[in-house]
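Report on the following structure.
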Amino acid sequence: MTQAGVSRRDFGRLLGVAGLGIAAPALVGTRGARAATRTWRMSGSAGSGLGGFDTAMKTLMQARNIPCGSLAVMRKGKLILARGYTWSDDAALSVQPTSLFRLASLSKAITATAVMRLVQDGALSLSTPVTQLIDMTPPTGTTADSRLDQVTVRRLLQHLGGWDRDITPDPTYQDRKIATTLGVPLPIGKADMVKYGAGLKLDHDPGSTYAYSNYGYLLLGQIVEKVSGLPYATYVQQKVFSPLGITRNRPGKSLQSGQAPGEVPYYSQYTGPSVFDAAGTTVPAPYGSFNVENRTAMGGWLSSAVDHVKFTQIFDLTTSVLTKASVDAMFAKPETGLNSGGSYYGFGWFVRDVTGGQNTWHDGSLQGTTTIVTRRYDGITWAVLFDQRDDPSGLPYDYTTISAPLHNVANSTTTWPAIDLFSQYY
0 MTQAGVSRRD FGRLLGVAGL GIAAPALVGT RGARAATRTW RMSGSAGSGL GGFDTAMKTL
60 MQARNIPCGS LAVMRKGKLI LARGYTWSDD AALSVQPTSL FRLASLSKAI TATAVMRLVQ
120 DGALSLSTPV TQLIDMTPPT GTTADSRLDQ VTVRRLLQHL GGWDRDITPD PTYQDRKIAT
180 TLGVPLPIGK ADMVKYGAGL KLDHDPGSTY AYSNYGYLLL GQIVEKVSGL PYATYVQQKV
240 FSPLGITRNR PGKSLQSGQA PGEVPYYSQY TGPSVFDAAG TTVPAPYGSF NVENRTAMGG
300 WLSSAVDHVK FTQIFDLTTS VLTKASVDAM FAKPETGLNS GGSYYGFGWF VRDVTGGQNT
360 WHDGSLQGTT TIVTRRYDGI TWAVLFDQRD DPSGLPYDYT TISAPLHNVA NSTTTWPAID
420 LFSQYY
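Numbering that gives the first Met the number 0 numbers the first residue of the sequence shown as 0 and each following residue consecutively.
Encoded structure:
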């Protein structure tokens, strides 16, 4: 992608958001004087003694000029901090604890939960090959890899299907090539992605090598639809979110014109060719350089920080969504893929066994999005959401960098508030 050379206000006009009171952040060459005009604003509530979390978020956001951020912290099932943070020179932009952000790959735990609900209800088996569940017919003129029959639901959930984006480019980002190969117009659909991927040679024997695969989670979303008989998002909302009282979550849209009520704007210093027209019109990277609608099951859900920590209560065994046996299966060690630090990928979660329990976590990354969810063995959970993943400073947005200051605050806190803020939002 190329660096955007437009000014901050021009960028806002390009997105069509000027009339909404939402301005874009400083882009290339605009750090310094313009950044100094920004103001820091917080919304929401926090229990006493938790100011360190606010300070950590302020430091992270101001160093990178991130306009919108949100943090929710839960301890032993109780919401003790719910914040929206704004670092902007636009007084009309105000992030709330319930503001919606693209979750990116935090969506994978949602899909894994939906799959396990089907397994729990006896409608699906983890050992069933994907080829017996959905149409994996390859494009005309190509032959499916004979090993596809070894790709089971369990292996898809644990990224053991055999697709490796470090060897073969991620098929979920090959929109233009897929359209050409299949002879279909842009924008392509999920079925087009599935068909194209079915014609690719596997990079590894299924079950032999861990390799993170968006395509595998695309297939899982299609499996949920096929087995449940419902649209993927409808099944998730009925069986995963509704029992928790979560009503704000919804699939995201690619273009700014499709922005949901309460959704933040997204920012990047880069532009890219649109995947929505044959000409490849240059667009701001977060708005049309990839297809969010096709990514719901692997990375396209919208949620707030408050709603996402509420979602994690499923894994604390305090809801009716999944049983202990189902949660244990999600966090069980895979047949391979244990790394040198002792962590591994379960079903939609990274997992590490530690003294006293397990730590589970996931991060998400898209143009215009950085997200992290962390569940600590000591009962502390947080979700942190940003509307940016790059900026001219070159500072990192990786899991360790973003999480370390939050862990430091949690580790240094000796007295935790007894409040529960969930009643303010449900």
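By construction, the Cβ of each residue, glycine as well, lies at the ideal position given by its N, Cα and C atoms.
Three or more beta-carbon pairs drawn from the segment 71-82 and the segment 292-307 are found closer than 8 Å, and the two stretches are therefore classed as touching. Q131 is positioned such that its CB atom lies no closer than 8 Å to that of G336. Of the residues assessed, K332 falls on the exposed side of the cut-off, its CB having fewer than 16 other CB atoms within 10 angstroms. The shortest CA-to-CA distance from R74 to any of Y425, Y398, Q423, T373 is the one to T373. In the structure shown, F310 adopts helical secondary structure according to DSSP, grouped into three states. Per DSSP, D276 lies in no beta strand (DSSP E) segment and is marked neither H nor E. In this structure, T295 places its C-beta atom within 8 Å of the C-beta atom of S106. With respect to the 8 Å criterion, L123 and V152 are classified as neighbours on the basis of their beta carbons. Across the set Y195, Q387, G43, T142, the C-alpha of Y195 shows the shortest separation from the C-alpha of T179. Inter-residue distance for Y216 and T36 is about 42 Å (C-alpha atoms, whole angstroms). Note that the C-beta distance between Y214 and L254 is not below 8 Å.
Straight across, the Cα-Cα distance linking Q258 with S392 is about 28 Å. Residues G198 of the same chain have their beta carbon placed closer than 7 Å to that of T141, with the five preceding and five following residues left out of the count. Spanning the alpha carbons of T317 and P250 requires a straight line of approximately 25 Å. In the three-state scheme derived from DSSP, where H, G and I count as helix and E and B as strand, E334 is classed as coil. Between L181 and P138, the CB-CB gap stays under 8 Å. Nearest Cα to A108 within the set G188, V326, D390, V274: V326. Note: H361 is bridge-paired with V372 in the DSSP secondary-structure output.
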